[in-house]
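Residue numbering for the sequence shown follows the working numbering, starting at 176 and increasing by one per position.
Backbone N, C-alpha and C define an ideal beta-carbon position, used for all residues, glycine too.
Small disclaimer: the values here were computed from a predicted structure and weren't measured.
What follows is a set of notes on a single structure, which appears directly below.
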Amino acid sequence: MVEFHPRYSEKSVRAHREYFPEIIEYIKEHPEEVPLYKLINFYTYALGRDDSLVESAGWLIAKKPWTDYNLKYNRMWRHGHFMSPNEYTE
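This is the structure we're talking about:
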């Protein structure tokens with residue numbers, strides 16, 4: 176549906192926050208869409224924890240397989256590089 180692109184800016188994410196619920200609903204039905212999970216992760220960062228839309232995604236981020244992806248993704252981010260899509264889904 177959508178591929179995560181590292182050049183998304185926080186400003187553009189905030190401007191298109193109306194897409195967030197649609198992405199959440201889609202990923203419920205298609206958990207294999209890892210790039211969308213990364214997009215949701217970026218939305219939660221850009222919108223902030225107090226945003227009502229971010230709260231609606233909290234349950235999704237806290238479930239497997241997303242917790243495992245999040246752990247790997249954040250570990251790579253902390254070390255200054257991101258994983259390729261193939262590494263991310265292993």
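Where does residue i fall in DSSP's three states?
i	result
residue 219	helix
residue 213	helix
residue 204	helix
residue 189	helix
residue 224	coil
residue 237	coil
I think residue i touches residue j, with their Cβ atoms under 8 Å apart; what is that distance to the nearest whole Å?
i	j	result
residue 193	residue 202	Not confirmed; about 16 Å, so no contact.
residue 189	residue 222	6 Å
residue 237	residue 215	With 8 Å as the limit, residue 237 and residue 215 do not qualify as a contact, their Cβ atoms being about 12 Å apart.
Is the beta carbon of residue i sitting closer than 8 Å to the one on residue j?
i	j	result
residue 220	residue 195	no
Taking residue i as the reference, give the member of the options with the closest Cα.
i	options	result
residue 234	199, 188, 190 and 213	199
residue 239	206, 216 and 197	206
residue 241	191, 211 and 224	211
Applying the 10 Å Cβ sphere with the 16-neighbour rule, what's the burial state of residue i?
i	result
residue 213	buried
residue 246	exposed
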